[in-house]
Amino acid sequence: MLGDFAADPLVEVMAFARSRGVTTSLDVLGTCDERTAERLAPALRHAQYFLPNADQLRGITGCSEPSEAARALRRLGVGCVVATLGAEGSLVSSEHGDAFLPAFDVPVVDTTGCGDAFAAGFIVGVLSGWGEASAAWLGTAAAALVVQGLGSDAGIRDRDATLAFLADRAPADIATLAGSLSAN
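Written out as structure tokens, the structure reads:
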């Protein structure tokens, strides 16, 4: 999708950002295969967070089991793989181990934009100082809101509404975290 930018220019941007303490994440769009992995491998070394979906994870690594695929990507240098698994929820795989988070049980209208909403929620959580699994809960809430409407941002109203949704439905420790962020 990025054409020639996915080669040296992307590596340079990612390396520059990491060398200056900027949080780095990398996401992909569309189908992925081993060629995608070869093209992205130099940039993945500089990605703190890589956010593929289940099909992309499988396509890049050739591994059908998400945890195995995530570990393969982490061996390429990615700090944390955060994979959306559709109705199965998500996987957070880092040096701290693997955490599987369930999807929220909500009516599904349209899945367009759910992965992007998840990634945005996750990144907001990370940049707010949340741990990786906690940030994934925020991503899960954002995706759950989007899936209930028609279009890529149908259910997202704003940050506070997403945090309120999370506080209402998440496990107690995550709900408390969402409530404290909402108050700020």
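In the working numbering, the protein residues as written are 41 to 224.
Even glycine gets a Cβ: it sits at the ideal position worked out from N, Cα and C.
Alpha-carbon spacing of residue i relative to residue j, whole angstroms
i: Ala-34; j: Ala-139; result: Only positions 41 to 224 of the chain appear in the structure, and residue 34 is not among them; the question remains open.
i: Ala-184; j: Ala-159; result: 12 Å
i: Cys-72; j: Glu-78; result: 11 Å
i: Pro-82; j: Ala-57; result: 14 Å
i: Pro-142; j: Ala-94; result: 14 Å
i: Gly-171; j: Thr-64; result: 15 Å
i: Val-68; j: Ala-157; result: 14 Å
i: Trp-225; j: Glu-52; result: Residue 225 lies beyond the stretch modelled for the chain, which goes from 41 to 224, so this question has no answer here.
i: Pro-211; j: Ser-174; result: 10 Å
i: Ala-127; j: Gln-96; result: 16 Å
i: Met-41; j: Gly-137; result: Any reading at Met-41 needs caution, since the residue's pLDDT is 48, under 50, leaving its predicted position unreliable; the model's value is listed next. Between Met-41 and Gly-137, the C-alpha separation is close to 31 Å.
i: Phe-144; j: Thr-101; result: 27 Å
Helix, strand or coil at residue i [DSSP, three-state]
i: Cys-120; result: strand
i: Gly-102; result: coil
i: Gly-137; result: strand
i: Phe-56; result: helix
i: Leu-113; result: helix
i: Val-62; result: coil
i: Phe-232; result: What the structure shows of the chain is the stretch from 41 to 224, and residue 232 is not part of that stretch, so it cannot be assessed.
i: Ser-107; result: helix
i: Val-68; result: coil
i: Val-164; result: helix
i: Met-41; result: Residue placement at Met-41 cannot be trusted, given a pLDDT of 48 that sits under 50; what the coordinates show is reported in the next sentence. Coil, per DSSP.
i: Ser-192; result: coil
i: Leu-131; result: strand
i: Phe-90; result: strand
i: Val-187; result: helix
i: Thr-151; result: coil
i: Leu-80; result: helix
i: Gly-126; result: helix
Minimum C-alpha distance to residue i - residue among the options
i: Met-54; options: Ala-215, Val-118, Ile-196; result: Val-118
i: Phe-162; options: Ser-104, Asp-150, Pro-211, Thr-202; result: Thr-202
i: Arg-98; options: Ala-143, Leu-113, His-86, Ala-87; result: Leu-113
i: Arg-85; options: Asp-213, Val-187, Leu-66, Ala-181; result: Leu-66
i: Phe-90; options: Glu-105, Val-62, Ser-134, Ala-127; result: Ser-134
i: Ile-196; options: Phe-205, Leu-190, Val-186, Ala-204; result: Val-186
i: Val-149; options: Ala-127, Gly-189, Val-132; result: Gly-189
i: Ala-182; options: Arg-199, Leu-167, Gly-191; result: Arg-199
i: Ala-194; options: Cys-154, Asp-213, Ala-215, Ser-220; result: Cys-154
i: Gly-191; options: Ala-218, Thr-151, Thr-216; result: Thr-151
i: Val-62; options: Glu-74, Ala-218, Ser-220, Ala-87; result: Ala-87
Beta-carbon separation (whole angstroms), residue i vs residue j, contact threshold 8 Å
i: Gly-165; j: Gly-179; result: 7 Å
i: Pro-106; j: Leu-125; result: 6 Å
i: Val-122; j: Ser-130; result: 7 Å
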